[in-house]
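Worksheet: the structure to be examined is printed underneath.
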Amino acid sequence: MNLVVTIGLFFSLLVNSGLAFIKPIENLFVVGAKENNKIPFVKQPYSTQPTPKSNNKKFNPLASASVIYDTGSGTNLLEKDISTPRPIASLAKLMTALVIMESHKPNEVVTVGKLPALGPEDQKLGLVEGEEITVGELLKAILIYSANDAANALAIYDSGSVEDFSKKMNDKAKLWGMTNSNFDEPSGLSSKNTSTPKDLIKLASVLSTNQTFKEITSTANSKIFNQDGKAYTLTTTNKILGSGGVVGMKTGYTLDAGQCLITAVERNGRRIITVVLNSPDRFQESKNMIEWAFNNHIWQ
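To convert, count from 1 in the sequence shown and add 9; that's this note's numbering.
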């Protein structure tokens, strides 16, 4: 058994036994990561255990699938159909970000290649072939504004094609034990991008403890610039960012996927992650889930 396979199996076992034991280093932008193939993760112990209050009220989410995950204990406070694969829309951009951040530095300059055509209503910056812009600016565009052309530009810069990049996305999913996930392309527009709340918690947990990722996804408004000084204004798609302790994460929507949302929440020194897939009202439902979690549990 070669070293790469051994490492992959080792981390897969860690993930399957409890993802919260794994924490990425503070900055996934690792110098030379492409060349040395290092896996920048270290073990972290669980710290607290939430228990339901004696008068715990039942909560029935309306989303087709959902979960509330406590990062301190590695336990789910609420689950609904967490293992059935469903389309995830732009939540796929989280895997795009992970692959890019592990392989590139933020100041690398991307020369935008020929990009796949997008529909008139698809979220985009309006990048043009030959335009130059850094990896760091494109990451902000996909994580704050959910720009589909920025995701495609990063994928083609990294792998030469969207198809080859999707192979890297699926390899990364396997490494983290995301056994019921499939990534077809980097933007999330394809309904073949599928995952489960259980798998998305693994992905979100890896990213949400990363300082660079946290800074980007906690940003409501920003401007980015290409190498010629052209400015793009970014406004977050996460309408509940900054309310109720929501500090970040990612939205997603297509007709096939419905309304999707992952939130990272910090309150009173506690941290939870919520996921809803195909919700009738992702923002209100996520807010209800957050309030239920903190009002009906005690952390000891």
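By construction, the Cβ of each residue, glycine as well, lies at the ideal position given by its N, Cα and C atoms.
{"Asked": "Can you pull the DSSP bridge partners for Gly261?", "Found": "Cys269"}
{"Asked": "Tell me whether the segment 211-221 and the segment 241-251 touch, counting them as touching only if at least three CB pairs, one residue from each stretch, are closer than 8 Å.", "Found": "no"}
{"Asked": "Which complete alpha helix (DSSP H) runs does the segment 70-136 hold, if anything under 4 residues is left out?", "Found": "102-112"}
{"Asked": "Helix, strand or coil: which one does DSSP assign to Gly281?", "Found": "The amino acid at residue 281 is misidentified as Gly; the sequence shows Ile. It is a strand residue."}
{"Asked": "Leaving out five residues before and five after Ser63 in sequence, what residues of the same chain have Cβ atoms less than 8 Å from its Cβ?", "Found": "none"}
{"Asked": "Under three-state DSSP, which class holds Glu140?", "Found": "coil"}
{"Asked": "Could you check if Gly278 is buried or exposed, using at least 16 other CB atoms within 10 Å of its CB as the buried criterion?", "Found": "exposed"}
{"Asked": "Using alpha carbons as the reference points, say which of Ser190, Lys177, Val256 and Asp265 lies closest to Ser200.", "Found": "Asp265"}
{"Asked": "Ordered along the chain, which non-local residues of its own chain (more than five positions away) have a Cβ less than 7 Å from that of His306?", "Found": "Pro59, Thr60, Pro61, Lys62 and Leu86"}
{"Asked": "Note down, in chain order, each residue of its chain lying with its Cβ closer than 7 Å to the Cβ of Lys149, except the 5 sequence neighbours on either side.", "Found": "Ile225, Ser231, Ile233 and Leu243"}
{"Asked": "Kindly indicate the opening and closing residues of the alpha helix (DSSP H) around Trp308.", "Found": "Run containing Trp308: none in the alpha helix (DSSP H); it sits in the beta strand (DSSP E), His306 to Trp308."}
{"Asked": "Which residue or residues does DSSP assign as beta-bridge partners of Glu275?", "Found": "Arg280"}
{"Asked": "Note down the Cα distance separating Asp90 from Ser75, rounded to an integer number of angstroms.", "Found": "7 Å"}
{"Asked": "By the three-class DSSP mapping on this structure, what secondary structure does Lys232 have?", "Found": "strand"}
{"Asked": "With a threshold of 16 other CB atoms inside 10 Å of the CB of Asp173, please say whether the residue is buried or exposed.", "Found": "exposed"}
{"Asked": "With C-beta atoms as the reference, is Gly267 less than 9 Å away from Leu286?", "Found": "yes"}
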